[in-house]
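Start counting the sequence shown at 59; every next residue gets the next number (the working numbering). Don't be surprised by glycine CBs; every beta carbon is placed ideally from N, CA and C. To start, the structure under review is shown below, and the notes come after it.
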Amino acid sequence: MTETVLDRVLDSLRSAANISRVDQVRPAAVLWTDHERQWQALAERLREMLPELLVLGDHDPEARRGPAIWIKCMLARTLDEAEWPAGAVPIIYLPGVSRADLRAIESCPRELQPLAELQYRGVFWSQLNGKDWTVNAFLSSSRGGLNLDLSADQATRHALHRALDVLLDTPVEKLKGRRLEATDFDALLSADPVRDLLTWLNDPEATTSDWQGARWDAFRSRCKADFKLDPDADGVLVAAERICAGRPEWAAVWERYRVGWRAFPKVRARLKRASLPAHRDLFTDFSRYPQSNDEAEDRLRSGLTALAGLEPGAAASKLKALEQAHGTRRQWLWAEMGQAPLARALEPLSRLVTLIDQPFGGQHLEDMAGAYRDAFWQVDAAARAALAAVRAKADTEAVTTALAAIYVPWLDATNRRFQALVREGGYPGSTVVQEPSGTYQAGGECWLFVDGLRFDVAQDLGLALKADGLEAAIASDWAPVPSVTASGKVACSPVAHLAQGRSSDQDFVPSHGTLDKPLNTALLRKVLKDAGWQVLAGSDAGDPSGRAWTEMGDLDHYGHEHGLRLAREVPVILEAVVEQIRFLVDAGWKTIRIVTDHGWLLVPGGMPKTELAKFLTATRWGRCAALADTAKPTELTLTWSWCANVRIAMAPGISSFIAGQEYGHGGLSLQESLVPVVEVTRQAGVSDAVSVTVKGIKWTGLRCRVTVEGAPAGYRADLRQKANDPSTSKAGGGKPLKDGKASLVVEDDDLEGEAISLVVLDAAGQAVAKVATEIGGA
């Protein structure tokens, strides 16, 4: 893939956050100072590409711009708009600010003072000599820049800045091998009339001013010849109307905009001013009119809101009609731009309606559970997807209303039926299995505990793992009663057989059978170690020849904190889980067994409250409560899975003993009680029988000499940032191992000191061993 100047700038910005030493912590932020505001236009473009980019300036949350104190709050993630991926380091663009402005704390302007301390916790995006990157320096520098041959005269400098927007999209290779002067950059401006037109539409005032003189005359001439438009006489509005109307001579302009709209962020606002056609028929194409899409979104919002109070059948019929009217808008450009979130939400809503039209029941609990495992988990997945499609409050309320009319009644009826079957035949998870199943596990298996991994979310995880080249087999089990972490985490652990429950235990935490102590997280980890299990932290690969337990991916905590927002955070959390699993597999673990404690309910509009007098309970949670010794059983009372002497009242249906809960667990429902067990292995056909060990790594400057034991013929060694991604190689793709040895060279001396992985690859290119090292280290 051809690298553009923009690609290299983006890579440089993100690389600034790389931990340069193995033992350093991740920086709090990357500080991008730009005293002369040379990069300001680029920062505007990067806003769509870098969700972690924050800009110092006037307060505008939608543009991720604000004053210093707002930036500090964003870094602390105390604001709702702080939604960049968890693994990304925020980049703070500081237009008009130099590095010296921050360093001179005594004279630092008051409005910058909240950011001054970040120079110690963050890193600067700067040259190796400590100076800020200017455009000229980045293009010409051989150390961290593009190493281009630039003329040093002022005319070239001015032409370079004029052409920066076009230059950013220019392949780097096209700029190499010759001395670049003013005429080269001016040629970039006039070589593409379609782009020139879109650039003018994007910012007509600034473009007209910047292009005055010969540049503007040339632009007008091309517009008249190619597009039958005079920018001076006709103006932006006429141009917008002709693009939307789909005139033949404007087809190339629309196609360029459709493909590259991110480069022209303000054009949509111009097109929105175009009037809708006065004469309309069945063949009128409204897809190019932003105004048409916006009006349709308003109608759809009203239509979804109008579902409130309807009985489920009537609401479903109206939702099908809305899908017929609005579904085609998902193919419009505006949906790709994120301007049709409700049209996007209609797709999973329509799927949900189709699914709940099918009968779901059974005469026996296992029949119902089987139907849920086979198909009906998709109802919950569709509800999540609909919530994840929207961001704005009004849109979220509209989708919530639709789900409250259609999904929530199904959810309640389904689980009342499930609870009735439990009353008839008992609950399979009522008694914790005391077999020491963990002791059966052979070496090479790592158990990964993910708190709150609901069954439908596990299906998403399985797809993500398969997309990453791994096999994922999903089975199911029953959570204990109640379905809370205190009981469930011990139950799904390899040392469950060492626990027992007593009526004196508090908050549903069972005790260790012999130590007479509650098996909380700290004790559980100690017991695991005593039983011969490695307890791994996130960055610890452990010994893959043994057995291990590790934890990550706290869906439950996020759900309790943020309620319905969990729906759109699930993919981010799962991405981190997949990354951790890939790390463990690359480190040599043969099998990753993913276990969880419980599922959860996510109820748009909140769970209905059910009353339970406080004097009847010893411990009360949202969906369950431990009954006092003197209290009579309620309509739905089970015993604690760890101790039959503890009686637990369960809230009926999807109700809660606490008002206002959107997210909760602890009760008796398929979503809370039927939990996944996921077994992850390498893809079929990938051999794991060979035991490969990296015995030695020795650096001499940027040359790395590697010694490997147990590697057959055809194996290679490489230095990569990501073990399974060949594109991250920093040693030219690696070298074959000869007699277990290889010598690798990192050609880029700017990488010295950066953390990297020494990876051993089998004949199929699959990573079979990985060891962390440091470029140029000892």
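Distance between residue j and residue i (C-alpha atoms, nearest Å)
i              : j              : result
proline 251    : glycine 293    : 16 angstroms
lysine 376     : leucine 365    : 8 angstroms
alanine 310    : tryptophan 319 : 13 angstroms
alanine 439    : threonine 739  : 25 angstroms
valine 829     : valine 817     : 7 angstroms
glycine 559    : valine 553     : 14 angstroms
aspartate 535  : valine 733     : 5 angstroms
alanine 401    : alanine 146    : 29 angstroms
alanine 74     : arginine 763   : 27 angstroms
glycine 617    : alanine 446    : 13 angstroms
valine 548     : alanine 800    : 46 angstroms
valine 437     : arginine 705   : 32 angstroms
alanine 240    : glutamate 263  : 24 angstroms
valine 585     : cysteine 701   : 21 angstroms
isoleucine 532 : arginine 431   : 10 angstroms
lysine 451     : arginine 278   : 44 angstroms
histidine 723  : arginine 442   : 16 angstroms
glycine 367    : tyrosine 465   : 13 angstroms
glycine 115    : tyrosine 721   : 37 angstroms
threonine 675  : alanine 683    : 6 angstroms
serine 727     : arginine 512   : 12 angstroms
Residue i - partner residues in DSSP beta bridges
i             : result
arginine 426  : Per the sequence shown, residue 426 should be read as methionine rather than arginine. DSSP, once it has assigned bridges, lists no residue as partnering methionine 426.
glycine 754   : Thr765
lysine 324    : In the DSSP output, where bridge partners are listed per residue, lysine 324 has none listed.
proline 734   : Ser534
cysteine 504  : Ala606, Ile650
threonine 695 : Ala707
serine 156    : DSSP lists no partner for serine 156.
Cβ-Cβ distance between residue i and residue j below 8 angstroms
i              : j             : result
threonine 472  : glycine 663   : no
leucine 670    : alanine 707   : yes
leucine 519    : valine 736    : yes
alanine 608    : cysteine 504  : Sequence inspection shows threonine at residue 608; the alanine mentioned does not correspond to that position. For threonine 608 and cysteine 504, yes; Cβs fall inside 8 angstroms.
alanine 403    : alanine 444   : yes
tryptophan 308 : arginine 314  : no
valine 193     : tryptophan 97 : yes
isoleucine 716 : glycine 754   : no
alanine 86     : leucine 133   : yes
tryptophan 258 : proline 289   : yes
asparagine 782 : aspartate 687 : no
aspartate 453  : proline 540   : no
serine 545     : proline 576   : no
leucine 685    : serine 488    : no
alanine 298    : arginine 331  : yes
arginine 778   : serine 815    : yes
Sequence-distant residues of its chain with Cβ nearer than 7 angstroms to residue i (five each side left out)
i             : result
arginine 774  : Gly792, Lys793, Pro794, Leu795, Leu819
lysine 324    : Asn260, Asp261
glycine 419   : Met426, Arg475
glutamate 767 : Thr751, Lys753, Gly798
alanine 429   : Phe418, Gly420
alanine 354   : His384, Arg387
Closer than 8 angstroms to chain D by CB, residue i
i           : result
glycine 834 : Absence of chain D from the displayed structure is noted, only one protein chain being present.
Exposure of residue i, with buried meaning 16 or more beta-carbon neighbours within 10 Å
i                 : result
glutamate 805     : exposed
methionine 107    : exposed
tyrosine 485      : buried
proline 229       : exposed
threonine 127     : It should be pointed out that residue 127 corresponds to isoleucine in this sequence rather than to threonine. By the neighbour-count rule (16 or more Cβ atoms within 10 Å), isoleucine 127 is not buried but exposed.
glycine 823       : exposed
phenylalanine 566 : buried
proline 770       : exposed
alanine 516       : buried
aspartate 275     : exposed
valine 803        : exposed
phenylalanine 673 : exposed
Cut-off 6 angstroms between Cβ atoms - residues of its own chain near residue i, not counting five sequence neighbours on either side
i             : result
leucine 391   : Arg316
aspartate 588 : none
lysine 780    : Thr786
arginine 409  : Ala440
Cβ-heavy atom distance, residue i to the ligand ATP, below 7 angstroms
i                 : result
phenylalanine 322 : This structure lacks the ligand ATP, and indeed carries no ligand of any kind.
8 angstroms CB neighbourhood of residue i in its chain, flanking five on each side removed
i                 : result
aspartate 509     : Thr543, Lys547, Glu609, Gly611, Asp612, Leu613, Asp614, His615, Thr654, Asp655
phenylalanine 243 : Thr214, Ala217, Leu218, Arg220, Ala221, Leu225
alanine 195       : Gln185, Lys189, Gly203
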